[in-house]
Amino acid sequence: MDTIKFNNFNIIVVILVILGAAGAVGIGYYGLKETSSTSQLSDQTGTSASLNSAQQTPSSTITEVVWPSNQELGVGSPSGSIPSMSFSPVVSQLSGPAGNQVVDAYLSAYQEAQRGKESYKEVSFNATIYQYLPLRDFLNALGIKINSEVYQTLDQTDYRAVFCYRDSNAIDRGLILSLQSGDVDHFIKLYPQLEAGLLSWQRTIFSDLKNIFFPDSDFDTTSPKFKTAYANPPDADQIEIATIKDESGADRFVGYNSSQQKIYLANSQECLKRILDAHPDDPE
Amino acid sequence: MIKHQKIVQFIVGILIVVAISFPNIAQMSPIIYAGAGCGGYGANTGAGIKTSAAGAHCDWCACWCGHLEYCNPPWLNPKVPVPMSWLSDGKTCSCPTAGGGSSSQGSGQSGSQSGSQSGATQSTRQTGSLTPQQARSMANKLSNELDYKRGGDPWSGKTDCSGGAERFVVDSGGADPARSTYDMIKSAEYQYSAARSYINSGNLQPGDIIVRGAGGVAGNHAGVYIGNGMVWNSMSGGFRAESLGSFLSRGGSVKAVNLFTR
């Protein structure tokens, strides 16, 4: 009888253990499955993020610029002398006007991109006193201009210089400008002005951006003929591009795209493609 | 003793087979798969007790807000994202409507009638389409409420481009277009070249959804036309407006236009 009781008890215990184990397996499986699903999502996101990090997401650097320097140094006024910059492949020859720390910072970022062979690098500029270096002072310090209609639509705090490493002798340059933020009504008013301004800017954009895009070139007054192309052929990422010859006969390129409340500009189609690839849609 | 051992072996065998065949049986038992229809828009498809992976119990319910997939418990179809209408706190089921309230009225079926590949089908626009002012107001409201998250629930505060477009249309009182860009393309009144022609002809109306190829990434991108030449869509982590030309300049070609219908 004792044996039977023991056996019955044993059976009950065994069944309970098995039931518990089966339940645990079920719960565990479900839990793992859910975790796996989440992990998979995370992995996908992570993979995507990794890919983005490696191939798309820009390598961004915040470069501090001592403030104020430009205005006090007399290179910041629109009518002031335009600093000259050399983008010689020999790093040691890179120089800007003494004391123009915006130029120094810009050239320093250029050097870094060259040394690091960074295929894509975005640089934003901060001042030490203010949280940002106003776009106005960035433009003035580098001696570049933006069509006034376009300029009026731009945010003073959110802009970036772009460097695209091509080879040891060439780093292409770009610029990312952001539109002033606001509500929908704001953009309804802003976009017609922007789009008209961009068309108007095509006439002078080569010479306006000469100091960062073509520091060694001079241009005559010929208006470039822009045409529509695609950064990612056959039909993705529409860009406006033009190529003209400088006075030495060398081909010079400017391309741009206006989307996502930004204006993306570059002095090579490859660099413009990299910029757009680094700023993809928020899809799905 | 031998008899008991055989019984035990039999039970163990059954349990092992069951455990292998239905690993999530512990969660399945209280769940009712509502199936197609689900009782209509806003209908409560059932309620019960869900056992979480951690072993805790919580009340659950589900309601159908226009999508068949909302009827699927996610653990029966893990590919379906957890829908916004699955509640885990025992609250009454509700579906979002214009103004952010809840409703159990109307049909949740997509208002987009099956379109033609050629786009020859001319959709019959119902009266009471969105005015540009209404569309702008909705765009401003949702721009403040939504951040970008791929696959996110449109009513959770974080969603993707098609989730934002769906939220925009449904909150504006329109028929639910679909949750994904793929389904939006399938059900669109105008597809591919017909969609492009429709846009070029200047026929876009506030609330219409444009789906195009995504720029820089695989997949599609959706935006809502809000009038005045503007498209509201997700960009750089948030939802904002840009010009139609700006919107169309990125990504691949236009794939579909879903008309706003009530």
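Those protein sequences? They're chains A and B, same order as listed.
Residue 1 is where the first sequence starts when you use full-length UniProt numbering, and the numbers rise one by one after that.
Residue 1 is where the second sequence starts when you use full-length UniProt numbering, and the numbers rise one by one after that.
Virtual Cβ for every residue (Gly too), placed ideally from N, Cα, C.
Chain-ordered chain B contacts of residue i [CB-CB under 9 Å]
i, result
"A/Asn147", "Result: empty, since nearest Cβ-Cβ is about 17 Å, beyond 9 Å."
"A/Ser258", "Glu242, Ser243, Gly245, Ser246 and Ser249"
"A/Glu195", "Ser243, Gly245 and Ser246"
"A/Tyr120", "Neighbours of A/Tyr120 on chain B: none; closest Cβ ~12 Å, over 9 Å."
Endpoints, alpha helix (DSSP H) assigned at residue i
i, result
"B/Gly164", "Cys161 to Asp171"
"A/Glu112", "Gln101 to Arg115"
"B/Gly245", "Leu244 to Ser249"
"A/Asn140", "Leu135 to Leu142"
"A/Phe213", "Lys210 to Phe213"
"A/Ser200", "Val184 to Trp201"
"A/Pro280", "Element bounds for A/Pro280: n/a, residue is neither H nor E."
Opening and closing residue of the beta strand (DSSP E) in which residue i lies
i, result
"B/Trp232", "Met230 to Met235"
"residue 263 of chain B", "Since the first residue of chain B shown is 1 and the last is 262, residue 263 of chain B is not available in this structure."
"B/Gly223", "Asn220 to Gly227"
Contact list for residue i against chain B, beta-carbon separation under 7 Å
i, result
"A/Val254", "Result: empty, since nearest Cβ-Cβ is about 16 Å, beyond 7 Å."
"A/Gln261", "Met235, Arg240 and Glu242"
"A/Leu184", "Sequence check: residue 184 of chain A is Val here, not Leu. Arg136, Ala139, Asn140, Ile226, Met230 and Ala241, listed in chain order."
"A/Ile188", "Asn228 and Met230"
Sheet register partners of residue i (DSSP bridge)
i, result
"A/Glu164", "Checking the displayed sequence, the identity of residue 164 of chain A turns out to be Cys instead of Glu. Paired residue(s): A/Asp172."
"A/Ile239", "A/Ala229"
"A/Asn257", "A/Tyr264"
"B/Phe239", "B/Ser234"
"B/Val254", "B/Arg212"
"A/Ser178", "A/Lys262"
"A/Leu154", "A/Leu179"
"residue 285 of chain A", "The structure shown does not extend to residue 285 of chain A, since chain A is modelled only from 1 to 284, so the question has no answer here."
"A/Ile244", "A/Arg252"
"A/Lys273", "A/Lys273 pairs with nothing; no bridge assigned."
"B/Asp147", "B/Lys158 and B/Gly238"
Within chain A, partners of residue i - CB distance below 8 Å
i, result
"B/Asp171", "What B/Asp171 touches in chain A: nothing, since even the nearest Cβ is about 15 Å away."
"B/Ser129", "Residues of chain A passing the Cβ test: none, with the nearest at roughly 18 Å."
"B/Tyr148", "Asp282"
"B/Asn220", "Pro283 and Glu284"
"B/Asp160", "Asp282, Pro283 and Glu284"
Residues that residue i contacts on chain A, provided the C-beta gap is smaller than 9 Å
i, result
"B/Gly202", "None at all; the shortest Cβ gap to chain A is about 16 Å."
"B/Ala195", "Ordered by position in chain A, no residue passes the 9 Å Cβ test against B/Ala195, which lies about 14 Å from the chain."
"residue 272 of chain B", "Beyond the ends of chain B as shown, which are 1 and 262, falls residue 272 of chain B; an answer cannot be given."
"B/Ala214", "Ala236, Pro280, Asp281, Asp282, Pro283 and Glu284"
"B/Thr261", "Chain A residues near B/Thr261: none, gap ~23 Å exceeds 9 Å."
"B/Arg167", "By Cβ distance, chain A contributes nothing, its closest Cβ being about 14 Å from B/Arg167, past 9 Å."
"residue 263 of chain B", "The structure shown has nothing for residue 263 of chain B, since chain B only spans 1 to 262."
Partners in chain A for residue i, counting only beta-carbon separations shorter than 7 Å
i, result
"B/Tyr225", "Per Cβ cutoff of 7 Å: no residues; B/Tyr225 is ~12 Å from chain A at best."
"B/Gly207", "Within 7 Å Cβ-Cβ: nothing; B/Gly207 doesn't reach chain A, min ~14 Å."
"B/Ser253", "Asp235"
Closer than 8 Å at the beta carbon, the chain B residues around residue i
i, result
"A/Tyr264", "Simply none; closest approach about 10 Å."
"A/Gln238", "Leu248, Ser249 and Arg250"
"A/Tyr159", "Here the premise fails: no neighbours, minimum Cβ distance about 14 Å."
**Prompt:** Are there three or more Cβ pairs, one per stretch, closer than 8 Å when the stretch 206–219 of chain A is compared with the stretch 235–250 of chain A?
**Reply:** yes
**Prompt:** For the 8 Å Cβ check, are there 3 or more pairs between the stretch 189–196 of chain B and the stretch 144–153 of chain B?
**Reply:** no
**Request:** Spell out a yes or no on whether the stretch 223–232 of chain A and the stretch 116–124 of chain A are touching, meaning 3 or more CB-CB pairs, one atom from each, closer than 8 Å.
**Result:** no
**Request:** Write down every uninterrupted run of the alpha helix (DSSP H) in the stretch 173–201 of chain B whose length is 4 residues or greater and which is fully enclosed by it, in chain order.
**Result:** 181–187 and 193–200
**Prompt:** Contact between the stretch 262–274 of chain A and the stretch 233–241 of chain A: three or more CB pairs below 8 Å?
**Reply:** Result yes; three or more Cβ-Cβ pairs closer than 8 Å.
**Asked** At a cut of 8 Å, does the stretch 128–138 of chain B reach the stretch 207–227 of chain B through at least three beta carbon pairs?
**Response** yes
**Item:** Touching by the beta-carbon criterion (3+ pairs, under 8 Å), the stretch 178–188 of chain A and the stretch 143–150 of chain A
**Value:** no
**Asked** With a cut-off of 8 Å, do at least 3 Cβ pairs link the stretch 123–138 of chain A to the stretch 157–173 of chain A?
**Response** yes
**Item:** Contact the stretch 249–264 of chain A vs the stretch 201–213 of chain A: 3+ CB pairs below 8 Å
**Value:** yes
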